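Accompanying notes for the structure given below.
Number of protein chains: 2
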Amino acid sequence: MRMAELSGRSGVPTATIKYYLREGLLPRGRRVNATQAEYGEEHVRRLRLVRALIQVGRMPVTAAREVLDAVDDASLSQHERLGTAAWALPRPVPPGQAGTGAGDTGDADEAGDAASARHEVAALLDRLGWQEAGPDSPPGQALTAAVAALTRLGYPCDAAHLTLFARAAERMAAAELDLLESFPDQAAQVEASVALTVLYEPVLLSLRRLAHVEESARRFRAEEE
Amino acid sequence: MRMAELSGRSGVPTATIKYYLREGLLPRGRRVNATQAEYGEEHVRRLRLVRALIQVGRMPVTAAREVLDAVDDASLSQHERLGTAAWALPRPVPPGQAGTGAGDTGDADEAGDAASARHEVAALLDRLGWQEAGPDSPPGQALTAAVAALTRLGYPCDAAHLTLFARAAERMAAAELDLLESFPDQAAQVEASVALTVLYEPVLLSLRRLAHVEESARRFRAEEE
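Chains A and B, in that order, give the protein sequences.
For the first sequence, the positions run 1 to 225 when the numbering used here is used.
For the second sequence, the positions run 1 to 225 when the numbering used here is used.
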């Protein structure tokens, strides 16, 4: 298909497609003459992923390009490429934000909190039998930072509770991998794993808030009436 | 306690405490003479919540103040005050980001996607028996925007999958309400519900990514070896 059809199929204006081509977010089409190129289904699919990262995930262009480079890295096995979402996407909490808040005192305390949070995360992963990504992997570090923030602020964050969350995450991951396996080929699966990781985060967080409201009504409304 | 002890107990420098007082994020202490005020446990607790919102949740001061005003609204019942987290916290996806991405064409298509996403969310809440917060509540709107983004980009977002996520969210909410009930009084419970909503979001998202890596290894590594 030509640029105009690619724009129609993807809902992305041609000016934006040209910008993505210049920025290396979309591979060039197959050139058919001096001014025109031919695009395929892989371009339609890639445009979806780019929109998921930039428009919904609000990633800067540079960060999106790094993620896409990892997605396209043909030197990796399919299993490794499916790890791209967990490894290359920006963390749920940027480093430093949860770990060392501006205006905090007590650097020694914080280092202690970080070390004990890392220990707690390592013990959790051990208990769960999760052996693929340790506490020093990007998602492991994000979890450690989040646990350290809870501890430092004096909020509860016990092993039983973390385990319950992790078991819920396991069930979700199994269902999401089922979804991924419905995509036609390995390249499409890798792209979808990145897009679904980003696009399902707000789904999950919204559902959690809705579930809180329900549970709170069940427990506290009856008391009040 | 005096300002210096409040600073020591909370780990927040006195200059920052004074700033929070000026901005109305922390209630004034009880004045004991012309230059000094006395602070209580409620100030220690409130400083924790302020840090959770501003340092970890990265909320602007104005938004944090609005959340705290809702937390303090004595005209509401305990059940309604516990809804503050879901109602007053910024949404997982800011309005407009997922709904109407910059550079999109096809306004009519988008309006159609939004309407069908709202219908899908309403049907989901109905099926789940969740009656407290409809599709037009803040968390309902956030879910609708996230579902609309998935649909518009052509990624799967079926009822079975959403239901599975919602059931996982229900289990987490029950455990989190257990945690809340361990706080000593109603005011502390309301503050903790807001802080835990914010602080557990990165925990949940990190665990989901870790679970993906595990599940992907189980399914794809074996095939490759």
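Every residue, glycine too, gets a C-beta built ideally from N, C-alpha and C.
This one's a predicted model, so the numbers in the text were calculated from it and none came from an experiment.
Can you tell me which of the three DSSP states residue i falls into?
i, result
"ARG28 (chain A)", "coil"
"ALA37 (chain A)", "strand"
"SER10 (chain A)", "helix"
"MET3 (chain B)", "helix"
"PHE183 (chain A)", "coil"
"MET59 (chain A)", "coil"
"ASP126 (chain B)", "helix"
"GLY154 (chain B)", "coil"
"GLU215 (chain A)", "helix"
"ARG170 (chain A)", "In the sequence under discussion, the amino acid at residue 170 (chain A) is Glu, which differs from the Arg named in the question. GLU170 (chain A) falls in the helix class under three-state DSSP."
"GLN131 (chain B)", "coil"
"ARG208 (chain A)", "helix"
"ALA74 (chain A)", "coil"
"TYR20 (chain B)", "helix"
"PRO139 (chain B)", "helix"
"LEU232 (chain A)", "Only positions 1 to 225 of chain A appear in this structure, which leaves residue 232 (chain A) out of reach."
"ARG118 (chain B)", "helix"
"ARG81 (chain A)", "helix"
"PRO90 (chain B)", "coil"
"PHE220 (chain A)", "helix"
Kindly indicate which residue of the options has the alpha-carbon position closest to the one of residue i.
i, options, result
"GLN189 (chain A)", "A:THR84, A:THR163, A:HIS119, A:ALA211", "A:THR84"
"LEU26 (chain A)", "A:VAL32, A:ILE54, A:ASN33, A:ALA211", "A:ILE54"
"HIS161 (chain A)", "B:ARG171, B:ARG30, B:ALA37", "B:ARG171"
"LEU196 (chain A)", "B:MET3, B:ALA146, B:ALA173, B:GLU214", "B:ALA146"
"SER7 (chain A)", "A:GLY134, A:GLU41, A:VAL32, A:ALA169", "A:GLU41"
"VAL12 (chain A)", "A:LEU49, A:PRO184, A:LEU180", "A:LEU49"
"LEU164 (chain B)", "A:ASP69, A:ALA175, A:LEU164, A:TYR20", "A:ALA175"
"ASP158 (chain A)", "B:TYR200, B:ALA122, B:LEU124, B:ALA133", "B:TYR200"
"ASP136 (chain B)", "B:PRO60, B:ARG118, B:ALA70", "B:ARG118"
"PRO90 (chain A)", "A:ASP69, A:PRO60, A:ARG221", "A:PRO60"
"ILE17 (chain A)", "A:ASN33, A:HIS43, A:THR35, A:VAL32", "A:HIS43"
"LEU207 (chain A)", "B:GLU38, B:TRP130, B:LEU179, B:ALA149", "B:TRP130"
"THR35 (chain B)", "B:MET3, B:TYR20, B:LEU180", "B:MET3"
"TYR39 (chain B)", "B:MET1, B:ASP69, B:TYR20", "B:MET1"
"PRO178 (chain A)", "B:VAL32, B:GLY140, B:ARG219", "Going by the sequence as given, residue 178 (chain A) is Asp instead of Pro. The candidate whose alpha carbon is nearest that of ASP178 (chain A) is B:ARG219."
"ALA111 (chain B)", "B:LEU82, B:GLU80, B:ALA122, B:THR151", "B:THR151"
"GLU191 (chain B)", "B:ALA70, B:GLY134, B:LEU204", "B:ALA70"
"SER182 (chain B)", "A:LEU125, A:ALA37, A:ARG30, A:PRO156", "A:PRO156"
"GLY204 (chain A)", "A:GLN186, A:ASP126, A:ASP73, A:ALA168", "Looking at the sequence provided, one finds Leu at residue 204 (chain A) rather than Gly. Among A:GLN186, A:ASP126, A:ASP73, A:ALA168, the Cα nearest to that of LEU204 (chain A) is on A:ALA168."
"ALA166 (chain B)", "B:VAL121, B:ARG51, B:ALA187, B:ARG209", "B:VAL121"
"ALA64 (chain B)", "B:LEU47, B:HIS79, B:ALA74", "B:LEU47"
"LEU21 (chain B)", "B:HIS212, B:LEU124, B:LEU68, B:ALA149", "B:LEU68"
"SER116 (chain A)", "A:GLU5, A:LEU143, A:ARG51, A:GLN186", "A:LEU143"
"ALA149 (chain A)", "B:ALA15, B:LEU125, B:ARG58", "B:ARG58"
When you compare the CB of residue i with every CB in chain B, is at least one pair closer than 9 Å?
i, result
"PRO95 (chain A)", "At PRO95 (chain A) the pLDDT is 43, less than 50, meaning the model places this residue with poor confidence; the figure from the coordinates comes in the next sentence. No - not a single Cβ of chain B is within 9 Å of the one on PRO95 (chain A)."
"MET1 (chain A)", "no"
"TYR39 (chain A)", "no"
"GLN131 (chain A)", "yes"
"VAL56 (chain A)", "yes"
"ALA174 (chain A)", "yes"
"SER75 (chain A)", "no"
"LEU21 (chain A)", "no"
"LEU177 (chain A)", "yes"
"GLN78 (chain A)", "yes"
"GLY103 (chain A)", "Residue placement at GLY103 (chain A) cannot be trusted, given a pLDDT of 43 that sits under 50; the coordinates are not used to answer."
"LEU228 (chain A)", "It is not possible to answer for residue 228 (chain A), since the shown part of chain A is limited to 1 through 225."
"ARG48 (chain A)", "yes"
Can you confirm whether residue i, when its beta carbon is compared against all beta carbons of chain A, has any partner nearer than 9 Å?
i, result
"ARG51 (chain B)", "yes"
"ALA70 (chain B)", "no"
"PRO184 (chain B)", "no"
"ALA64 (chain B)", "no"
"ARG30 (chain B)", "no"
"ARG118 (chain B)", "no"
"ARG251 (chain B)", "Since the first and last residues shown for chain B are 1 and 225, residue 251 (chain B) lies out of range."
"ALA166 (chain B)", "yes"
"VAL213 (chain B)", "yes"
"ALA217 (chain B)", "yes"
"LEU25 (chain B)", "no"
"ARG221 (chain B)", "yes"
"HIS161 (chain B)", "yes"
"GLY112 (chain B)", "no"
- Message: At a CB distance below 8 Å, what residues from the region 179-211 of chain B approach chain A? Give them in sequence order.
- Response: LEU179, GLU181, SER182, ALA192, SER193, ALA195, LEU196, THR197, LEU199, TYR200, GLU201, PRO202, VAL203, LEU204, LEU205, SER206, LEU207, ARG208, ARG209, LEU210, ALA211
- In chain order, what residues of the region 131-157 of chain A put their CB closer than 9 Å to some CB of chain B? GLN131, GLU132, ALA133, SER137, PRO138, PRO139, GLY140, GLN141, ALA142, LEU143, THR144, ALA145, ALA146, VAL147, ALA149, LEU150, ARG152, LEU153, GLY154, TYR155, PRO156, CYS157
- Query: For the region 80-91 of chain A, which residues have a CB atom closer than 7 Å to at least one CB atom of chain B, in sequence order?
  - Reply: LEU82, GLY83, ALA85, ALA86
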